[in-house]
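Enquirer: Using the working numbering, the first residue of the sequence shown is number 187, and each one after it goes up by one. Dropping the structure in here first, questions after.
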Amino acid sequence: MSLVDLQVEFCRMTCQRVVEATFYFNFYEKSCPRAEKIVKEVVLSQFKFNQGIAPGLLRLFFHDCFVEGCDASLLLDPTRENPTPEKTAIPSLSLRGYEVIDIAKQKLEAACPGVVSCADILAFAARDSVKVTGGPSYKIKSGRRDGRVSCASQVFPNIPSPGPNITELIDTFAAKNLSVQEMVTLSGAHTIGRAHCRTFAPIRNYAIDAAFAKSVNKVCPTRTVNNTVSLDATTPYDFDNVYFQNLVAKKGLLPSDEILFLDPHTNMEVLRNAKHFRRWKKKFVEAMIKMGTTDLKLGTQGEIRNNCRKINS
């Protein structure tokens with residue numbers, strides 16, 4: 187083994203030890219034993235008042251992880267020093283659920299001051315949002331630290347477009363070490379939630395079911411109409427695989443949804459997910475767990491914010 191190979195292997199082993207020491211299951215078991223339960227209680231209580239909170243929190247987590255990694259950089263508000271953080275970018279303007287993270291953070295600060303990161307709160311809330319809408323329950327590792335960098339200019343290059351460019355979609359997910367299969371699997375998160383007219387209207391794709399397109403275009407005749415449409419028109423509040431069945435029926439709302447069925451690179455995976463609910467649930471959990479490890483800040487690489495909306499002094 188050459189000197190270079192030895193150096194690479196040493197670096198790999200060192201990095202692995204750092205991850206194992208700072209990112210693991212039940213990370214807050216001793217420092218804040220009720221951490222995950224507190225977040226779950228907040229998500230459940232907010233969901234009772236507004237079912238749209240669940241897809242909102244799930245989408246927050248996706249957007250956060252795809253820009254600067256899963257480090258809660260998306261949660262930072264504009265300041266004089268940084269007037270254009272991630273949440274001010276156009277793709278971020280329709281995001282929702284920030285107030286739920288704020289409530290959870292306040293409760294956690296009261297119980298365990300300075301212990302639980304906003305990045306972990308967001309990861310817990312996304313996981314709980316899947317469960318509360320009828321999806322699978324699963325465990326995730328924690329120990330993420332909060333990032334101190336947030337820039338709107340980094341959003342467009344990293345967030346998947348709602349357009350029908352399959353190559354762009356594949357490349358965007360690949361940049362986060364996510365495969366084509368994982369991209370299709372994670373797109374199933376659109377089984378819950380809504381989209382604004384400006385992201386797709388009007389539907390002019392002749393491959394789409396004509397009756398479906400006509401009904402959607404009544405609600406969204408132009409992109410300037412301030413209405414929303416369910417991403418899964420059949421079971422919009424249930425975490426199921428009907429989203430994929432809709433794609434097969436050519437009733438995908440976003441161009442980036444329907445192209446998954448129309449393109450040969452992804453067609454078979456859509457068909458499998460449409461047919462095998464249990465398989466898709468298992469794959470979804472695996473993909474979510476993997477996505478939740480994107481570009482982590484661990485140990486001394488980040489901080490534990492006192493307020494999720496601003497970095498510590």
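Note that beta-carbon positions come from the ideal geometry of N, C-alpha and C, so glycine has one too.
1. For residue 443, is the classification buried or exposed, using 16 other Cβ atoms within 10 angstroms of its Cβ as the cut-off for buried?
2. By DSSP, does residue 344 sit in helix, in strand, or in coil?
3. Considering only residues of the region 278-324, which uninterrupted alpha helix (DSSP H) runs meet the minimum length of 4 residues and lie entirely inside it, listed in chain order?
4. So what's residue 418 in DSSP terms, helix, strand or just coil?
5. For residue 458, report the span of its alpha helix (DSSP H) as first-last.
6. Check the DSSP bridge columns for residue 368 and list the partner residues they point to.
7. In whole angstroms, what is the alpha-carbon distance linking residue 243 and residue 249?
8. Rounding to the nearest angstrom, what Cα-Cα distance links residue 365 and residue 351 in this structure?
9. Reducing DSSP to helix, strand and coil, say where residue 403 ends up.
10. Using the three-state DSSP reduction, which class does residue 141 fall into: helix, strand or coil?
11. Would you report the Cα separation of residue 358 and residue 345, rounded to the nearest angstrom?
12. Per DSSP, what kind of secondary structure is residue 493 in: helix, strand or coil?
13. Tell me, which residues are paired with residue 332 by DSSP?
14. In whole angstroms, what separates the C-alpha of residue 477 from that of residue 489?
15. For residue 376, I'd like the list of residues in its chain whose CB is within less than 7 Å of its CB, leaving aside the five on either flank, ordered along the chain.
16. Nearest CA to the CA of residue 468: which residue from 231, 283, 321 and 286?
17. Name the one or two DSSP bridge partners that residue 381 has.
18. Sort 318, 367 and 484 by Cα distance to residue 229 and report the nearest one.
19. Under a three-way DSSP split, which group does residue 210 fall into?
20. Please classify residue 455 as buried or exposed, where buried requires at least 16 other C-beta atoms within 10 Å of its C-beta.
21. Under 8 Å, with one C-beta from each stretch per pair, do the region 401-421 and the region 216-225 reach the 3-pair mark?
22. Residues in its own chain within less than 7 Å of residue 326 by CB, not counting five upstream and five downstream?
23. Determine, using beta carbons only, whether residue 273 and residue 294 come nearer to each other than 9 Å.
24. Does DSSP put residue 423 in a helix, a strand or coil?
25. Based on Cα-Cα distance, which residue from 374, 298, 279 and 435 lies nearest to residue 422?
Expert: Looking at the coordinates:
1. buried
2. coil
3. 284-297 and 304-318
4. coil
5. 453-461
6. Answer by DSSP bridge pairing: none, since residue 368 is not bridged.
7. 10 Å
8. 16 Å
9. helix
10. The displayed coordinates of the chain run from 187 to 499. Any statement about residue 141 would go beyond what the structure contains.
11. 7 Å
12. strand
13. 489
14. 21 Å
15. 417, 418, 429 and 443
16. 321
17. 415
18. 318
19. strand
20. buried
21. no
22. 309, 313, 475 and 478
23. no
24. coil
25. 374
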